[in-house]
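Colleague: Sending over a structure as structure tokens; questions will come in a sec.
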Amino acid sequence: RALFCTNVVAVLVAAIGQILINYWIITSGRPLGRDEFHFFPQVLIHQSGYYVCACSFLLIIGERLILCYKPAFYEDRHVNFISTFISALFVEILMTIPVVTAMQYEHFL
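Numbers in the numbering used here are just positions in the sequence shown, counted from 1, shifted up by 149.
What follows is the structure, given as structure tokens:
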């Protein structure tokens with residue numbers, strides 16, 4: 150349930166980033182150029198949400214594999230929703246930060 154919630158939050162963040170990008174395009178009257186794409190806050194928000202969503206899918210797949218081999222995995226352990234949600238979000242952000250940073254610095258290579 151916690152991984153599903155992080156996935157939903159990430160999709161909402163990606164959608165908000167896309168809305169902000171579209172709003173900027175409408176108000177400025179021009180599309181995103183090469184200069185605006187890198188280190189542009191709206192693009193960073195959208196990329197972060199997108200990659201956190203992808204990481205949550207990977208964690209959901211891993212969880213399903215664990216449950217496939219140990220169906221009583223959650224019954225043997227007392228798992229709290231809040232601690233699972235925070236730890237899943239922490240792991241997903243740790244996996245996402247290097248990818249988003251690499252995407253921003255690829256312009257300079």
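Here a beta-carbon is modelled for each residue, glycine too, at the ideal position from N, C-alpha and C. This structure is a prediction, so every number in the text was calculated from the model and none was measured.
When the Cα atoms are used, what is the spatial distance from Leu243 to Ala163?
Modeller: Taking the sequence shown and counting its residues from 1, one reaches residue 243 at position 94. Taking the sequence shown and counting its residues from 1, one reaches residue 163 at position 14. Cα-Cα distance, rounded: 17 Å.
Colleague: For chain C, check one thing: does any of its Cβ atoms lie closer than 9 Å to the Cβ of Arg179?
Modeller: Protein chain content of the structure displayed is limited to a single chain, and chain C is not contained in it.
Colleague: Along the chain, where does the alpha helix (DSSP H) that runs through His195 open and close?
Modeller: Position 46 of the sequence shown, counted from the first residue, corresponds to residue 195. It spans Pro190 to Tyr218 - the alpha helix (DSSP H) in which His195 sits, taken as one unbroken run.
Colleague: When the Cα atoms are used, what is the spatial distance from Arg213 to Val192?
Modeller: The residue labelled residue 213 in the question sits at position 64 within the sequence shown. The residue labelled residue 192 in the question sits at position 43 within the sequence shown. Answer to the nearest angstrom: the Cα atoms are 32 Å apart.
Colleague: Measuring alpha carbon to alpha carbon, tell me which residue in Ser232, Asn229, His227 and Tyr199 is nearest Val249.
Modeller: Looking up residue 249 in the sequence shown gives position 100. Val249 has its Cα closest to that of Tyr199, out of Ser232, Asn229, His227 and Tyr199.
Colleague: Can you look up Val248 in the DSSP assignment and give me helix, strand or coil?
Modeller: On the sequence shown, position 99 is the one that residue 248 refers to. Here Val248 sits in helix by DSSP.
Colleague: Compute the distance between the beta-carbons of Val158 and Leu238, then report whether it is under 9 Å.
Modeller: Here residue 158 refers to the residue found at position 9 when the sequence shown is read from its first residue. Here residue 238 refers to the residue found at position 89 when the sequence shown is read from its first residue. Yes, Cβ-Cβ distance for Val158 and Leu238 is below 9 Å.
Colleague: On a CA-only basis, which of Phe230, Gly211, Thr233 and Leu207 is nearest Thr245? Give me that one, please.
Modeller: Position 96 of the sequence shown, counted from the start, is the residue given in the question as residue 245. Among Phe230, Gly211, Thr233 and Leu207, the Cα nearest to that of Thr245 belongs to Leu207.
Colleague: Count the other CB atoms, across all protein chains shown, that sit within 10 Å of the CB of His195; report buried if there are 16 or more and exposed otherwise.
Modeller: The residue given as residue 195 occupies position 46 in the sequence shown. So His195 counts as buried.
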